[in-house]
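So the sequence shown is residues 1094 to 1657, counted in our numbering.
Glycine included, every Cβ here is placed at the ideal spot set by N, Cα and C.
None of the values given here were measured: they were computed from a predicted structure.
Structure, as structure tokens:
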Amino acid sequence: MASPYSPTSRQERLIAAGRIVLAASSLLAVWLDPSEPAKYADIAYGLLLAYLAYSVVVALAVARAEAVPTGWRLATHAVDLVFFSLFIYFTAGPSSPFMAYFVFALVCATMRWQWRGTLWTAVASLVAYLSAGLYFGEVLHDPDFELHRFIIRAVYLAVLAVLLGYLGSHEARVRDEMSALAVWPREAETDADAVLGEALSYAGGLLGVAEVLAVWTEGDEPWLHLAAWRDGELLRSREAPDAYEPLAPEPLAGAAFLCSDLGESPPAVLVAGAGKHERWRGEPLHPGLGRRFPSKSVLSAPLRGEGVAGRLFFLGARRMTADELLLAEVVASVVRERLEHLHLTGRLLHAAATEERIRLARDLHDGVLQSMTGVALRLQAVRRQLAEEPAEVGESIEEIQRLIALEQRDLRFFIQELKPAHDSIAGNGRELTGRLEELAQRIEREWDLRVELDTGGLARPVPERLGREVYHLVREALVNAARHGEAASVQVRVAQSAGSDVAITVTDDGRGFPFQGRYADGALAELNLGPKSLRERVAALRGSLVVESSSTGASVGIVLPNPS
């Protein structure tokens, strides 16, 4: 019987306060005018005192209660009707001034249960009142009984019940609309068709129309998006940005409007203004849009947001009034949020894909391409060896073949990373230590560099992504030492801190960087010093980088936080 949105506690507190005021004022009126006719004066006074005490007790109970049960509301309403019927009987019968109590009961029923409550309360009140009239007029033959006044009061009570019933029906509709807005589906869909279908179908249900059209642009995109919900089906298209420009004429731009008859010449349009409604005559839609989506009437509200601009159209609306303009604006704001969610999700996905492409390009550049450079240098050496020491060429070529086979495996590793899920850090089930040992051996063969590796500080498992980044950082640092620093030997230490952060230290005996001294990542970035690719990698991982350089070598220190 009640809407999902029903402020029962506030209602009951208001009714309880009204009950006390009504009981106290009635008792005061009878005390001030003792000549007020009463068939059973003592009983009437006693009933009024009892009702006042009952009203105070109910008010105290309601004031302390956080929620009022439905049974409590029904019980107090029934007790009220019993008291009011007794007041009628023990005072002046059908002529009693306590007839106003039935009006109070009708108002309370309308507040609690809308038109249904008004209906059955009116029936109960009329039965009690007509019974009293029949008893006083036909059984007691009361000389004060006046039939015409009795009929007028009965008709008055019935008309008042009808009016309150209409008021209750209106309130029930408003509550239903508020409830529907409050429970709008919140599924975190990422599929555009699913989001648009849900939003437009729900919007159409709220406004009671079968066809809903959304037309909008997104950010700087050179497209006009159309989405129509018609007969349970979603239709989407993209148009040129000026295909339906403007969607509505200038007097209607940025405002909600309603046109009940588009066939008029010119159509009459009701426009929502600042606290009032204005009349305007003219075609409310772009002619092309009207031809593509023909309709007898239209209700429209703007879609205004940071990334979305356009309009929402409810087509074929029947018997709509100015009241629906505000509801259309509220619905349009929810639809706009859905569209902005789609827009932002698309941008985030695009940014994530771009970041992943950059990461993969960096991995290929710092890994496979640099290894290919090492292989190319070995091939040059083989070419010289072919003229000087032809007998050893075969062995050198076999070594190059092994190096190329290892790089092929790395390429398969990169490809495996692109798949939705993979099992381990190495792509083939090996631990990080094993991968780093294999890397050290390969760098030694490719670049003729002696590598001392210390991974004794890796006491705990390293998360998959962090281990992958450690591998690539160590590889890049080793290649830099061999290729740019012309080092003969390198010491690599990889360890974990108490918080599972990973610390990497790479020290070589080469010629160092083109600067002298010790610099942290902030100074390196500001002065544009040191290995740029390393700086970018470490910054992307929210780590820290320290580079120390001298004429006798360089040291690179990296600390990567544990993402878990």
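Pull up the DSSP beta-bridge partners for residue i, would you.
i: A1596; result: A1588 and V1652
i: G1610; result: S1642
i: D1313; result: Beta-bridge pairing links D1313 to no other residue.
i: D1672; result: The displayed coordinates of the chain run from 1094 to 1657. Any statement about residue 1672 would go beyond what the structure contains.
i: P1395; result: R1404
i: R1374; result: A1361
i: H1318; result: W1309 and R1331
i: R1323; result: E1304 and E1326
i: S1637; result: V1652
I'd like the span of the alpha helix (DSSP H) that includes residue i, first residue to last.
i: D1173; result: T1163 to F1183
i: D1614; result: D1614 to L1620
i: E1197; result: Correcting the residue type first, residue 1197 is Phe in the shown sequence and not Glu. Unbroken alpha helix (DSSP H) run through F1197: A1193 to L1227.
i: S1630; result: In the sequence as displayed, the identity of residue 1630 is Arg instead of Ser. Per DSSP, R1630 belongs to the alpha helix (DSSP H) from K1625 to A1633.
i: A1533; result: L1525 to W1540
i: L1340; result: Here L1340 belongs to no alpha helix (DSSP H), and DSSP marks it neither H nor E.
i: L1351; result: That residue, L1351, is in no alpha helix (DSSP H); its beta strand (DSSP E) goes F1350 to C1352.
i: P1380; result: P1380 to R1385
Assuming residue i is part of the beta strand (DSSP E), what are its boundary residues?
i: D1547; result: R1543 to G1550
i: R1331; result: E1326 to E1332
i: R1576; result: Note, R1576: premise wrong, no beta strand (DSSP E); alpha helix (DSSP H) at E1557 to R1576.
i: V1288; result: V1288 -> not in any beta strand (DSSP E); alpha helix (DSSP H) instead, spanning A1285 to L1300.
Please check if any C-beta of chain E sits within less than 8 Å of the C-beta of residue i.
i: Q1589; result: No chain E appears in the structure shown, which is made up of a single protein chain.
Using a Cβ-Cβ cut-off of 6 Å (strictly less than) and excluding sequence neighbours within five positions of residue i, which residues of its own chain qualify?
i: A1349; result: A1365, A1394, L1418, A1421 and E1422
i: W1208; result: G1258, G1261 and S1262
i: A1081; result: In this structure the chain extends from 1094 to 1657, so residue 1081 is not present and cannot be described.
i: A1519; result: Only weak support exists for where A1519 lies, its pLDDT of 39 falling under 50; the value from the coordinates is given anyway. Result list for A1519: R1528, in chain order.
i: A1410; result: V1302, S1390 and L1392
i: G1650; result: T1598 and V1639
i: D1313; result: none
i: S1517; result: With a pLDDT of 42 at S1517, under the threshold of 50, the modelled position of this residue cannot be trusted, and the question is left open.
i: A1596; result: A1588 and V1652
i: S1648; result: T1600 and E1641
i: A1116; result: Y1144, L1145 and S1148
i: S1330; result: L1319
What residues in its chain sit with their C-beta under 8 Å from that of residue i, if we drop five residues either side in the sequence?
i: L1140; result: F1176, L1179, F1180 and F1183
i: L1223; result: A1247
i: V1428; result: A1292, L1293, A1296, A1307, L1396 and L1405
i: L1212; result: A1254 and G1258
i: D1660; result: What is shown of the chain runs 1094 to 1657, which leaves residue 1660 out entirely.
i: P1387; result: none
i: P1342; result: G1375, E1376 and P1377
i: L1542; result: I1536, L1571, A1574, A1575, A1580, A1581, S1582 and V1583
i: A1251; result: A1215 and L1219
i: V1172; result: Y1147
i: V1362; result: L1345, F1350, L1351, C1352, R1372, W1373, R1374, G1375 and P1377
So, at 7 Å on beta carbons, what are the nonlocal neighbours of residue i in its own chain, with the 5 sequence-adjacent residues on each side left out?
i: L1529; result: L1546, T1548, Y1564, V1567 and V1587
i: S1593; result: R1553 and N1655
i: V1200; result: L1257
i: A1333; result: L1317
i: V1401; result: W1309, E1311, R1429, L1432, E1433 and H1436
i: R1635; result: P1654
i: V1149; result: I1113
i: P1624; result: N1573
i: P1607; result: none
i: P1315; result: P1334
i: Q1104; result: M1204 and R1205
i: D1169; result: According to the sequence as given, residue 1169 is Thr; it is not Asp. Excluding positions up to five away in sequence, the list reads V1151.
Does the stretch 1344-1362 come into contact with the stretch 1319-1327, if we say contact requires no fewer than three beta-carbon pairs (one atom in each stretch) closer than 8 Å? no
Pairs of beta-carbons, one from the stretch 1144-1164 and one from the stretch 1210-1227, closer than 8 Å: are there three or more? no
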